[in-house]
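Novice: So the sequences go chain by chain: A and B.
Per our numbering, the first sequence starts with residue 459, numbered consecutively.
Per our numbering, the second sequence starts with residue 459, numbered consecutively.
Built from N, CA and C at the ideal position, the CB exists for glycine as well.
Because the structure is a prediction, the values reported are computed rather than measured.
Number of protein chains: 2
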Amino acid sequence: MENFIFNAYTKIYFGKGMISNLPEAIKKHGKNVLLVYGGGSIRKNGIYDKTRELLSDCNIIELPGVEPNPKIDTVRKGVELCREHNVEVILAIGGGSTIDCSKVIGAGFYYEGDAWELVEFPDKITEVLPVVTVLTLAATGSEMNKNAVISNPEINEKLGTASSNMIPQASILDPEYLYSLPAIQTAAGTADIMSHVFESYFKQEEDTFIQNKFAEGLLETCIKYCPIALKEPNNYEARANLMWASTLALNGLVGAGKAGAWTCHPMEHELSAFYDITHGTGLAILTPRWMRYILSEKTVDKFVEYGKNVWHLPELEDKFAYANQAIDKTEQFFRDCGIPMSFSEIGIGEEYFDIMAEKAVRIGYLAYAYVPLSKNDVINIFKMCM
Amino acid sequence: MENFIFNAYTKIYFGKGMISNLPEAIKKHGKNVLLVYGGGSIRKNGIYDKTRELLSDCNIIELPGVEPNPKIDTVRKGVELCREHNVEVILAIGGGSTIDCSKVIGAGFYYEGDAWELVEFPDKITEVLPVVTVLTLAATGSEMNKNAVISNPEINEKLGTASSNMIPQASILDPEYLYSLPAIQTAAGTADIMSHVFESYFKQEEDTFIQNKFAEGLLETCIKYCPIALKEPNNYEARANLMWASTLALNGLVGAGKAGAWTCHPMEHELSAFYDITHGTGLAILTPRWMRYILSEKTVDKFVEYGKNVWHLPELEDKFAYANQAIDKTEQFFRDCGIPMSFSEIGIGEEYFDIMAEKAVRIGYLAYAYVPLSKNDVINIFKMCM
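Rendered as structure tokens:
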């Protein structure tokens with residue numbers, strides 16, 4: 459087990475009606491609030507009105523319209539608003555995009571240069587305005603971690619940045635807020651959760667038993683509850699387990715004590731940067747193809763473990779056949795959840811394979827992945843996704 | 459899933475040599491340090507010297523000699539020292555006893571009345587001096603939670619108290635510090651970890667899938683690694699997994715979203731209060747007997763789940779036979795770890811069964827346990843332990 463530092467200090471308020479704790483969570487930081495949200499669904503499902511009611515004695519500045527794959531221009535706008543109105547705390551209501559955007563706004567407030575520099579060079583992040591979140595999508599885990607991913611469409615870049623000071627101070631997780639999600643967001647969100655787990659589960663370390671057990675438990679949770687949530691959108695048990703899984707999949711627990719870089723995320727970020735697709739969809743398409751591509755004498759035992767402990771497949775003598783069954787199960791699961799499972803279905807052609815692979819290798823440190831990948835490897839995996 | 463608040467904000471420094479971070483963890487709170495420790499093993503294994511060296515520019519006041527089952531008098535002494543020397547931060551080096559004692563010292567510093575009142579009435583705890591820990595025993599989870607258990611021998615009381623302000627600010631977990639533990643402490647510590655998991659695993663809720671998977675993973679970790687650590691005390695992988703398991707078993711993760719009170723701990727606290735035995739030993743003796751006592755048509759399915767997911771027992775048609783096998787396995791596991799598995803072996807007779815049962819019922823809220831227990835039930839379970 460590698461040495462690690464773990465510090466997921468976010469105060470989680472989990473459950474029905476827990477938004478009643480919002481005034482406590484916000485006002486300990488101040489009453490000048492930047493309210494950040496996305497496309498307006500929170501106006502339909504009542505969260506917006508509830509928030510304004512609960513914070514009626516606060517001075518609320520609004521930044522609506524945060525995009526999926528949030529753009530650096532939106533961050534810049536948020537930083538300006540914070541400075542103009544002496545904002546003391548940022549309230550992000552939404553999914554990962556809104557929360558990520560809010561984190562970098564919070565960092566940008568204290569930074570004299572352009573906010574994009576904080577994305578390119580995470581070390582430049584120092585102080586960060588406190589961020590409080592109300593989660594409306596189970597996917598990125600941003601509600602309890604230090605990460606943010608921001609896009610810069612002018613240069614087709616989508617980059618992750620991180621700082622322990624960007625961890626939200628508090629997050630309100632009410633599973634009922636997931637009831638009204640479109641099915642594809644439930645499915646793609648689940649693919650994102652699972653991908654976060656895979657990125658840490660498939661690593662070289664063999665002595666991280668606890669982390670692996672937690673990883674398997676989270677994968678089983680997604681496999682059990684995503685189909686239920688799709689069939690019965692108002693099933694509280696399913697929504698609660700998925701929501702808590704999203705948080706635990708990327709708050710540092712599963713990756714603690716493991717070295718090495720991620721694989722599918724850096725590849726997917728290029729797809730999103732060039733085509734602005736849904737992140738979870740890109741991950742679902744890439745994941746089983748990547749698994750098949752790296753399956754070898756060296757990795758097969760790990761895939762057998764995966765098939766046994768996550769899919770509970772009956773024993774087979776041929777371990778490659780067994781591993782392939784586990785990978786097939788993974789692909790079929792995403793397909794059954796209604797995710798389009800090829801590039802062609804979501805409008806991605808081969809035209810940028812070369813430049814996307816080039817950038818994925820450069821930015822994603824794929825040379826340090828579970829199985830190191832070259833630019834050519836990435837192109838081959840992209841081709842398998844057509 | 460019940461609503462819950464989760465806030466395990468301790469910064470964990472995990473791994474070999476991570477004590478190098480001690481100056482950073484301590485000095486952010488101040489340089490006047492109360493150093494709390496136990497029987498002096500830290501002088502033999504080098505941790506004491508290393509600490510003094512790392513904090514050579516701090517003003518260190520010492521409170522050595524904290525007992526297993528820490529006494530309220532030691533807390534009182536600590537409070538006095540803190541006031542006398544304007545202590546700003548408490549450094550606890552040891553296991554749960556030392557850490558628990560330090561937490562209540564930290565709370566007592568801000569309390570005008572007698573510290574025992576903070577144990578009897580947790581609501582009286584307000585501010586708490588920051589506590590930093592260096593863990594030397596994998597057992598109680600106190601390094602990342604709000605709990606403390608303090609004994610008052612004058613009145614044969616051993617009570618738990620809690621406050622979210624008592625959560626340690628930082629904890630240093632170096633698995634190598636476990637190498638020199640006596641075998642019985644490794645074994646009894648593991649029994650304590652497992653008991654923390656059992657207390658939450660055996661609950662009425664059926665919709666806490668994630669929590670149950672994490673619980674099973676932690677139990678499997680203990681079952682896998684305790685025998686290895688006993689055979690090879692310097693096995694890093696075993697020590698690391700046990701150490702991290704101790705923290706995760708009681709930092710709120712496994713119990714999140716579950717209602718109801720604990721069972722074996724309140725019973726054991728009476729044993730420790732009357733006989734000053736090792737907490738984990740008492741738990742190991744009680745646990746399988748308690749399991750057998752509550753096995754019924756209503757609970758059998760949960761025990762089958764336990765046998766299947768934790769012990770991986772081969773299928774059996776008779777579910778009671780299957781459940782009993784799982785319980786037998788549990789008892790045999792503790793026995794194989796070298797824990798004395800009956801009251802008579804550790805000098806406990808029947809003389810106080812009545813009063814201990816009376817107090818366990820009164821204090822432990824056993825009426826709200828997984829299977830509610832009356833005073834008579836507790837006496838019956840005690841008798842099974844002879």
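Looking at the ligand ADP, does it come within less than 7 Å of residue 651 of chain B, judged from the CB to the closest heavy atom?
Specialist: As far as ligands go, the structure on display features none, and thus does not contain the ligand ADP.
Novice: For residue 591 of chain B, which of helix, strand or coil comes out of DSSP?
Specialist: Here residue 591 of chain B sits in strand by DSSP.
Novice: Can you tell me the Cα-Cα spacing of residue 497 of chain A and residue 522 of chain A, whole angstroms?
Specialist: Approximately 7 Å between the Cα atoms of the pair.
Novice: Give the interface partners of residue 557 of chain A over in chain B, defined as CB-CB distance under 8 Å, in chain order.
Specialist: Those do not exist, as residue 557 of chain A stays about 17 Å from chain B at its closest Cβ, beyond 8 Å.
Novice: Considering residue 467 of chain A, what are the terminal residues of the alpha helix (DSSP H) in which it resides?
Specialist: Unbroken run through residue 467 of chain A: none, as it is neither H nor E.
Novice: How would you call residue 790 of chain B, buried or exposed, if buried means at least 16 neighbouring beta carbons within 10 angstroms?
Specialist: By the neighbour-count rule (16 or more Cβ atoms within 10 Å), residue 790 of chain B is not buried but exposed.
Novice: Show which residues of chain B have a CB atom less than 7 Å away from the CB atom of residue 471 of chain A.
Specialist: By Cβ distance, chain B contributes 463.
Novice: Since residue 484 of chain A and residue 516 of chain A should fall inside the 8 Å C-beta cutoff, what is the C-beta to C-beta distance between them, to a whole number of angstroms?
Specialist: Confirmed, about 7 Å.
Novice: Once DSSP output is grouped into helix, strand and coil, what is the label at residue 566 of chain B?
Specialist: Looking at residue 566 of chain B - three-state DSSP - the assignment turns out to be helix.
Novice: Rounded to whole angstroms, what is the Cα-Cα separation between residue 627 of chain B and residue 618 of chain A?
Specialist: Approximately 28 Å, taken between the alpha carbons.
Novice: Does the CB of residue 766 of chain A have a neighbour CB from chain B at under 8 Å?
Specialist: For residue 766 of chain A, the answer is no, since every Cβ of chain B falls outside 8 Å of its Cβ.
Novice: Taking only three categories from DSSP, how would you classify residue 512 of chain A?
Specialist: Note: residue 512 of chain A maps to helix in three-state DSSP.
Novice: Quick check on DSSP: helix, strand or coil for residue 610 of chain B?
Specialist: Residue 610 of chain B falls in the strand class under three-state DSSP.
Novice: Please report how far the alpha carbon of residue 495 of chain A lies from the alpha carbon of residue 765 of chain A, in whole angstroms.
Specialist: So the alpha carbons of these two residues sit roughly 39 Å apart.
Novice: At a CB distance below 7 Å, what residues from the region 623-654 of chain A approach chain B? Give them in sequence order.
Specialist: Those residues of the region 623-654 of chain A that come within reach of chain B (Cβ to Cβ, closer than 7 Å) do not exist; the list is empty.
Novice: Between the Cα of residue 797 of chain A and those of A:741, A:782 and A:731, spot the shortest distance and give me the residue it belongs to.
Specialist: Residue A:741 is the option with its Cα nearest to residue 797 of chain A.
Novice: When the Cα of residue 511 of chain B is compared with those of B:574, B:481, B:629 and B:611, which residue comes out closest?
Specialist: Of the listed residues, the one whose Cα sits closest to residue 511 of chain B is B:481.
Novice: Taking Cβ-Cβ distances shorter than 7 Å, what residues in chain B pair up with residue 682 of chain A?
Specialist: Chain B residues near residue 682 of chain A: 667.
Novice: According to DSSP, residue 462 of chain B sits in a beta bridge with which residue or residues?
Specialist: DSSP output for residue 462 of chain B lists A:472 as bridge partner(s).
Novice: Identify whether residue 605 of chain B lies in helix, strand or coil by the three-state DSSP scheme.
Specialist: Residue 605 of chain B: strand per DSSP, three-state reduction.
Novice: Which whole runs of the alpha helix (DSSP H) in the region 667-722 of chain B are 4 residues long or more, in chain order?
Specialist: As far as the region 667-722 of chain B is concerned, its whole alpha helix (DSSP H) runs of at least 4 residues are 667-689 and 694-707.
Novice: Where does residue 527 of chain B sit, in a helix, a strand or coil, going by DSSP?
Specialist: Coil at residue 527 of chain B, not helix or strand.
Novice: Please classify residue 840 of chain A as buried or exposed, where buried requires at least 16 other C-beta atoms within 10 Å of its C-beta.
Specialist: It counts as buried.
Novice: By the 10 Å Cβ neighbour count, where 16 or more other Cβ atoms means buried, how is residue 500 of chain B classified, buried or exposed?
Specialist: Its Cβ being crowded by 16 or more others within 10 Å, residue 500 of chain B is buried.
Novice: Pull the bridge partners of residue 494 of chain A from the DSSP assignment, please.
Specialist: Note: residue 494 of chain A sits in a beta bridge opposite A:521 and A:550.
Novice: Can you give me the C-alpha to C-alpha distance between residue 654 of chain A and residue 603 of chain A, rounded to a whole angstrom?
Specialist: Computed Cα separation, rounded: 12 Å.
Novice: Give a yes or no on whether the minimum CB-CB distance between residue 675 of chain A and chain B is below 8 Å.
Specialist: Closer than 8 Å to some Cβ of chain B, the Cβ of residue 675 of chain A qualifies, so yes.
Novice: Can you tell me the Cα-Cα spacing of residue 806 of chain B and residue 757 of chain B, whole angstroms?
Specialist: Their backbone Cα atoms lie some 30 Å apart in a straight line.
Novice: Determine the direct distance from the alpha carbon of residue 666 of chain A to that of residue 462 of chain B, and round the result to whole angstroms.
Specialist: Distance between the alpha carbons of residue 462 of chain B and residue 666 of chain A is about 28 Å.
Novice: Under 8 Å, Cβ to Cβ, is there at least one residue of chain B near residue 525 of chain A?
Specialist: It does not: the Cβ of residue 525 of chain A has no partner Cβ on chain B nearer than 8 Å.
Novice: Could you give the distance in angstroms between the alpha-carbon of residue 886 of chain B and the alpha-carbon of residue 559 of chain A?
Specialist: Residue numbering for chain B in the displayed model covers 459 to 844; residue 886 of chain B lies beyond these limits and cannot be assessed.
Novice: Ends of the beta strand (DSSP E) at residue 657 of chain A?
Specialist: From DSSP, residue 657 of chain A is part of no beta strand (DSSP E) but of the alpha helix (DSSP H) over 641-659.
Novice: In terms of DSSP beta bridges, what is residue 619 of chain B paired with?
Specialist: According to DSSP, residue 619 of chain B bridges with B:606.
Novice: What separation, rounded to the nearest whole angstrom, lies between the Cα atoms of residue 527 of chain B and residue 718 of chain B?
Specialist: The straight-line gap from Cα to Cα measures roughly 25 Å.
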